[in-house]
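Participant: To start, I am sharing the structure in question, which I have written as structure tokens.
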């Protein structure tokens, strides 16, 4: 059983009612312990309490060690002093006994030397001897006087009853007189201690002995206790028994337990009398054949240490007073230490909470003051860094205007107040026109200067008091109009447009800028800052697309945005789940009517939405960069279809559209090289169509990419020619093989002679540059005949075929019959 189970064992051994009482007692103590724990635990964590406890604990340990040392010293000193006093008492007692023995000896010797006494002995005059003994014993105070002859027989004695009892004592003295001083021992006579002196009587030969003595009485004890702090008692014992107390003295009755205590003490020199501890020493006074007699010298230990106890109590009082003083001093010192630390802790909490304005001030002259100064320097650094961070986080560094984050915070506050007051709040968003060309032509540094001028115009005298203008990103700005309804918002927007219509003159350049402005009103268009700003952005893009200047948000402007965003999310899994489909629209050689190939287009076979048209997901794929994944899928699928058509006996040229992101993708040539290495196909069977706008976004980079594609043997085509920012200087440098006339010119050339002239000029220009020409948007037979007459090389459109699934393309080619068309007479001049 484990040591921790002893409580269970002990309680289990109790009766049932007592066990329940124990359990109830323990249960009742739990709340008290929990309360004490909750009260004491916070105190135990306080530094000043710990300092005071440690200091007082150390002082208590020192005082305890001092008291233990003093206690042991007192005990040792008391024992040593008692031992000295007992030895001194023994000497005093022996001196007293020796003095009394000397008196008896002198009296006996005087009697023994008396001539008349010796004459009486010689004449055997017993009465005279008796008279002499009585006179001499009375003179010296002896209670016993005995004369024994040379044969150690009693001749005369002052004793009437105990003469026979004293004879053994006299004979013992006579026998021992040669080995010790006669009369220095105490003997027992009649159960009482007795001191007897025996001297010889010579004339000149030994004729007898004179013995004189007296019993020891309480006078001896009084003399002894008067001369020393000891108590004295006389004990005797037979050889076969223990000590017994001799009833001598007035206090003999109080020492009734002494004899038994001596027997039990053994070697331990301490005994207990009347609830008081004594140190004692047993002093043997004499012995005979039957008895031993001893004096017990006792010293009260309590009396011996009483002066030390008083001193110890004084020291204890001084220690308690010192402990109180030390505790108060420790507490004051701890408070002086912990007080500044608490202030520093409070300062640290303020710093942690973001309060960098309150200085850290500690009025001390120690290391804590150095720490406080360090805290103060840290506070200033944090305040400066926080201000810089806030500047970066909430202010636009270029224009000094609030940024998007600050605008959203301000707008959220205005919307909250607007909800409480049931008032409107408006947001305007502006996007500058033609600012990209300013950066491209004059450089970004010049563009930054233009933006700073725009910020000044938007902020200076145009807005109402309380309005806020912010720069969101690039050339986008937003204005928060608290309390403004739609009419007020339109008025402010018109003032902003008029301010921007003024040309900006910097250095030797005059810059004309305008802006499309979108308006969103709370709560009609939303009561959340992000939602309201997003809908103002939708309105702004609609204004720029329609070139209408100012447009207020309407739900119809972004009715399909949520659906499009959902489609874009689902498009990410379409490639992996084989939901994309390749469609081909035939491209026909006009001179022969032969099918040369087709333009590849992607369709999305959605599992629940059905067939999704490209215009519903391609724009968002271009914006997010996912168009690269779609282009890679198109190239791989076209390569595989080209191989299948060649196996069918059809050597077809398949055209694939490249977006701006594709053209600027530096990894596109590497991917095409790997594909051509894997697929056994002619690079010339793939034609990559690039729009003019894609080339003009970054002409140098586009030219580099096109040159690498051209060197790989791929055919290159400029798509939608005539609708972008065409430049003949770039056109003559581009390594392309064909131009593709935009369908807007082809579809209108029958009715618009200008468009017809543009088509004819484009064909002539391309042929003069050594390029082939493809016309898209051929919708009828007359357009076919006109293009054929104008020597256009290829054509595609609904007149020949709509885009079809790739698996149907080969069958369509097999059944294709060129149309038999004739040019109308009204176009005879072009024949």
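Numbering (the numbering used here), first residue to last: 163 to 993. Where a beta carbon is used, it is the ideal one built from N, C-alpha and C, also for glycine.
With a 10 Å radius around its C-beta and 16 neighbouring C-beta atoms as the bar for buried, classify residue 487 as buried or exposed.
Facilitator: On the chain shown, position 325 is the one that residue 487 refers to. When all chains shown are included, residue 487 counts as exposed.
Participant: Hey, how far is the Cα of residue 537 from the Cα of residue 502?
Facilitator: The residue labelled residue 537 in the question sits at position 375 within the chain shown. The residue labelled residue 502 in the question sits at position 340 within the chain shown. Each residue's Cα considered, the two are about 12 angstroms apart.
Participant: Taking the alpha helix (DSSP H) that residue 302 falls in, what are its first and last residues?
Facilitator: Counting from one through the chain shown, the residue named residue 302 turns up at place 140. Note, residue 302: alpha helix (DSSP H), 288-302.
Participant: Mind checking whether residue 894 and residue 881 have CB atoms under 8 angstroms apart?
Facilitator: For the purposes of this step, residue 894 is identified with residue 732 of the chain shown, where counting begins at 1. For the purposes of this step, residue 881 is identified with residue 719 of the chain shown, where counting begins at 1. No, the Cβ-Cβ distance between residue 894 and residue 881 is not below 8 angstroms.
Participant: Along the chain, where does the alpha helix (DSSP H) containing residue 954 start, and where does it finish?
Facilitator: Within the chain shown, the letter at position 792 stands for residue 954. No alpha helix (DSSP H) contains residue 954, which DSSP labels as neither H nor E.
Participant: Assuming residue 654 contacts residue 625 (C-beta within less than 8 angstroms), just tell me the rounded distance between them.
Facilitator: Position 492 of the chain shown, counted from the start, is the residue given in the question as residue 654. Position 463 of the chain shown, counted from the start, is the residue given in the question as residue 625. Their Cβ separation, rounded to whole angstroms, is 7 angstroms, which keeps residue 654 and residue 625 in contact under 8 angstroms.
Participant: Quick check on the DSSP output: what are the complete beta strand (DSSP E) runs of length 3 or more inside the segment 427-501, in order along the chain?
Facilitator: For the segment 427-501, whole beta strand (DSSP E) runs of length 3 or above, ordered along the chain, are 432-435, 438-449, 453-462.
Participant: Please work out which residues of its chain come closer than 8 angstroms, Cβ to Cβ, to residue 355, disregarding the five sequence neighbours upstream and downstream, and give them in chain order.
Facilitator: For this step, residue 355 is matched to residue 193 along the chain shown. Closer than 8 angstroms at the Cβ level, and outside the excluded window around residue 355, lie 348, 349, 377, 378, 396, 398, 408, 410, 447, 455.
Participant: Where are the alpha helix (DSSP H) runs, 4 residues long or more, that stay fully inside the segment 534-585, in chain order?
Facilitator: Those alpha helix (DSSP H) runs which fall completely within the segment 534-585 and span 4+ residues are 566-583.
Participant: Are the beta-carbon atoms belonging to residue 631 and residue 618 less than 8 angstroms from one another?
Facilitator: Your numbering for residue 631 matches position 469 in the chain shown. Your numbering for residue 618 matches position 456 in the chain shown. Contact: no.
Participant: Compute the distance between the beta-carbons of residue 460 and residue 393, then report whether it is under 8 angstroms.
Facilitator: Here the question's residue 460 lines up with position 298 in the chain shown. Here the question's residue 393 lines up with position 231 in the chain shown. A contact, by the Cβ cut-off of 8 angstroms.
Participant: May I ask which residues mark the beginning and end of the alpha helix (DSSP H) holding residue 747?
Facilitator: Translated into the one-based positions of the chain shown, residue 747 becomes position 585. Here residue 747 belongs to no alpha helix (DSSP H); instead the beta strand (DSSP E) covers 742-751.
Participant: If you follow the beta strand (DSSP E) that residue 766 is in, where does it begin and where does it stop?
Facilitator: Residue numbering aside, residue 766 sits at position 604 when the chain shown is read from its first letter. 757-768 is the extent of the beta strand (DSSP E) around residue 766.
Participant: Could you check the C-alpha separation between residue 364 and residue 310 for me, to the nearest Å?
Facilitator: In the chain shown, the residue the question calls residue 364 occupies position 202. In the chain shown, the residue the question calls residue 310 occupies position 148. In a straight line, the C-alpha of residue 364 is about 12 angstroms away from that of residue 310.
Participant: Are residue 597 and residue 637 close, meaning C-beta to C-beta below 8 angstroms?
Facilitator: Counted from its first residue, the chain shown places residue 597 at position 435. Counted from its first residue, the chain shown places residue 637 at position 475. Yes. Within cutoff.
Participant: Beta-carbon within less than 8 angstroms of residue 341's beta-carbon, same chain only, minus the 5 sequence neighbours each way: which residues are those?
Facilitator: Position 179 of the chain shown, counted from the first residue, corresponds to residue 341. Low confidence applies to residue 341: its pLDDT is 48, below 50, so where it sits in the model is not reliable, and the reading given next is rough at best. Counting only Cβ-Cβ distances below 8 angstroms, and skipping sequence neighbours, we find nothing.
Participant: To the nearest angstrom, how far is it from the Cα of residue 168 to the Cα of residue 404?
Facilitator: Residue numbering aside, residue 168 sits at position 6 when the chain shown is read from its first letter. Residue numbering aside, residue 404 sits at position 242 when the chain shown is read from its first letter. Its pLDDT being 40, under 50, residue 168 is placed unreliably in this model, and the value from its coordinates should be taken loosely. Cα to Cα, the separation comes out at about 48 angstroms.
Participant: Output the distance between the C-alpha atoms of residue 651 and residue 684, rounded to the nearest integer angstrom.
Facilitator: By 1-based counting over the chain shown, the position of residue 651 is 489. By 1-based counting over the chain shown, the position of residue 684 is 522. Answer to the nearest angstrom: the Cα atoms are 11 angstroms apart.
Participant: Where in the segment 916-961 do unbroken runs of the alpha helix (DSSP H), each at least 4 residues long, occur, reported from the N-terminal end onward?
Facilitator: If we require 4 residues or more, the alpha helix (DSSP H) runs fully inside the segment 916-961 come out as 943-951.
Participant: Per DSSP, what kind of secondary structure is residue 789 in: helix, strand or coil?
Facilitator: Stepping through the chain shown from its first residue, residue 789 is reached at position 627. Helix.
Participant: With three or more beta-carbon pairs closer than 8 angstroms as the criterion, would you say the segment 219-239 touches the segment 508-522?
Facilitator: With the cut-off at 8 angstroms, the segment 219-239 and the segment 508-522 do not touch.
Participant: For residue 562, is the beta carbon positioned less than 7 angstroms from some heavy atom of the ligand MG?
Facilitator: With respect to small molecules bound, the structure shown includes none, and the ligand MG cannot be examined in it.
Participant: Tell me, to the nearest whole angstrom, how far the beta carbon of residue 870 is from that of residue 823; I am working on the premise that it is less than 8 angstroms.
Facilitator: Counted from its first residue, the chain shown places residue 870 at position 708. Counted from its first residue, the chain shown places residue 823 at position 661. That belief does not hold up - the Cβ atoms of residue 870 and residue 823 are roughly 17 angstroms apart, past 8 angstroms.
Participant: Residue ranges of each alpha helix (DSSP H) run of no fewer than 4 residues wholly in the segment 367-409, ordered along the chain?
Facilitator: The qualifying runs are 380-389.
Participant: Give me the DSSP bridge partner(s) of residue 349.
Facilitator: In the chain shown, residue 349 corresponds to position 187, counting from 1. 356.
Participant: If you draw a straight line from the alpha carbon of residue 741 to that of residue 973, how long is it in whole angstroms?
Facilitator: Within the chain shown, the letter at position 579 stands for residue 741. Within the chain shown, the letter at position 811 stands for residue 973. Between residue 741 and residue 973, the C-alpha separation is close to 23 angstroms.
Participant: For the alpha helix (DSSP H) containing residue 963, name the first residue and the last one.
Facilitator: Counting from one through the chain shown, the residue named residue 963 turns up at place 801. Taken as a continuous stretch (DSSP letters only), residue 963 belongs to no alpha helix (DSSP H), as it is neither H nor E.
Participant: Kindly give me the distance between the Cβ atoms of residue 266 and residue 294, rounded to whole angstroms, as I take these residues to be in contact under 8 angstroms.
Facilitator: Numbered from its first residue, the chain shown carries residue 266 at position 104. Numbered from its first residue, the chain shown carries residue 294 at position 132. Not quite, the Cβ-Cβ distance comes to about 16 angstroms (not below 8 angstroms), so this is no contact.
Participant: Assuming residue 240 contacts residue 470 (C-beta within less than 8 angstroms), just tell me the rounded distance between them.
Facilitator: Position 78 of the chain shown, counted from the first residue, corresponds to residue 240. Position 308 of the chain shown, counted from the first residue, corresponds to residue 470. That belief holds up - the Cβ atoms of residue 240 and residue 470 are roughly 7 angstroms apart, short of 8 angstroms.
Participant: May I ask you to report which of helix, strand or coil DSSP gives residue 232?
Facilitator: The residue given as residue 232 occupies position 70 in the chain shown. Note: residue 232 maps to helix in three-state DSSP.
Participant: So for residue 673, helix, strand or coil by DSSP?
Facilitator: Locating residue 673 in the chain shown gives position 511, where the first residue counts as 1. Strand, per DSSP.
Participant: With H, G and I counted as helix, E and B as strand and the rest as coil, what does DSSP make of residue 781?
Facilitator: Counting from 1 along the chain shown, the entry for residue 781 is found at position 619. Looking at residue 781 - three-state DSSP - the assignment turns out to be helix.
Participant: Given this structure, state the Cα-to-Cα distance separating residue 846 from residue 878, to the nearest angstrom.
Facilitator: Within the chain shown, the letter at position 684 stands for residue 846. Within the chain shown, the letter at position 716 stands for residue 878. Answer to the nearest angstrom: the Cα atoms are 9 angstroms apart.
Participant: Relative to the C-alpha of residue 388, which residue among 255, 679, 647, 544 is closest?
Facilitator: For the purposes of this step, residue 388 is taken as the residue at position 226 of the chain shown. The shortest C-alpha separation from residue 388 is found at 255.
Participant: Identify whether residue 252 lies in helix, strand or coil by the three-state DSSP scheme.
Facilitator: Walking along the chain shown from the start, residue 252 turns up at place 90. DSSP places residue 252 in helix when its eight states are reduced to three.
Participant: With a cut-off of 8 angstroms, do at least 3 Cβ pairs link the segment 764-784 to the segment 949-960?
Facilitator: The segment 764-784, when compared against the segment 949-960, does not touch it at the 8 angstroms Cβ threshold.
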